[in-house]
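Okay, so the sequence shown: first residue is 680 according to the numbering used here, each after it adds one. For every residue, glycine included, the Cβ atom is placed at its ideal position computed from N, Cα and C.
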Amino acid sequence: MACLKWKREGSSRISEEEGDHEPDLSPWFSQAIGGGLLGRLGGAWLDCLASSGRQIKKFQPATPELGANFIDAVRSRLAADLAADILDGHLSAALVHLGNISHRVGRAVPEHEIGERVEGNREMAAAYQRFKAHLSANGVDLDKTPATLGAMLTFDSQTERFVGELSRPANELVARQYRRPFEVPQQV
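What follows is the structure, encoded as structure tokens:
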């Protein structure tokens with residue numbers, strides 16, 4: 680049984696996770712070094728720690744905290760104050776929203792049906808196996824609590840609208856009717 684230790688940026692507390700799995704770190708941001716761990720977890724930069732908890736190296740973000748930077752740029756009204764281009768932020772957020780819309784338009788289905796639907800895609804099948812293992816390790820029985828299978832949607836990036844099957848309920852979630860005076864114009 681492995682015990683991994685990590686520390687969030689700005690925290691003096693060392694977190695531990697026991698088990699045969701790593702915390703959910705993006706693989707391109709994490710690697711084992713000298714028995715320790717470094718990476719990014721939930722938006723926080725991690726220190727590289729020895730398995731004893733001793734700090735091997737401190738890592739600092741290369742850019743300012745983007746949420747605070749955005750608020751500062753809004754206050755200054757200067758696009759040049761942004762650390763990241765606003766279009767990059769829009770596109771990054773849109774990916775998350777697309778996944779959420781797929782989930783909301785999807786439906787709860789039996790475990791075996793999800794397995795059958797993803798078996799032809801190696802990456803999706805592997806992700807589904809990790810998902811099942813994670814739920815099982817945390818006491819969730821998919822037979823009693825079925826998972827939601829997101830709808831397979833087609834998105835037109837030029838119009839920023841869904842097309843094809845299930846496009847109507849999906850497009851209803853793309854935007855909403857805003858109340859006055861908070862309407863968002865069709866053309867900005």
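When the Cα atoms are used, what is the spatial distance from residue i to residue j?
i      : j      : result
Gly829 : Ser781 : 5 Å
Ala816 : Arg809 : 10 Å
Ala758 : Asp751 : 10 Å
Pro743 : Leu770 : 19 Å
Val753 : Val863 : 17 Å
Glu802 : Gln837 : 27 Å
Just reading off the alpha helix (DSSP H) that residue i is part of, what are its end residues?
i      : result
Phe810 : Arg801 to Ala816
Val797 : Glu790 to Val797
Asp751 : Leu745 to Ser755
Val784 : Ile765 to Val784
Take residue i and list the residues in its own chain whose beta-carbon comes closer than 7 Å to its own, dropping the five residues that flank it on each side.
i      : result
Gly785 : Thr827, Leu828, Gly829 and Ala830
Please work out which residues of its chain come closer than 8 Å, Cβ to Cβ, to residue i, disregarding the five sequence neighbours upstream and downstream, and give them in chain order.
i      : result
Leu745 : Ala762, Ala763 and Gly768
Arg840 : Phe834, Ser846, Asn850 and Val853
Lys811 : Glu790 and Leu821
Ile765 : Ala758
Ala787 : Pro825, Ala826, Thr827 and Leu828
For residue i, I'd like the list of residues in its chain whose CB is within less than 6 Å of its CB, leaving aside the five on either flank, ordered along the chain.
i      : result
Leu821 : Glu790
Asp835 : Val842
His776 : none
Pro848 : Val784
Tell me the residue span of the beta strand (DSSP E) that contains residue i.
i      : result
Arg840 : Arg840 to Val842
So, under 8 Å CB-CB, residue i and residue j are touching, yes? Tell me the CB distance rounded to an integer number of Å.
i      : j      : result
Val797 : Tyr807 : 5 Å
Any heavy atom of the ligand PLP within a distance shorter than 6 Å of the CB on residue i?
i      : result
Leu745 : The ligand PLP is absent from the structure shown, which contains no ligands of any kind.
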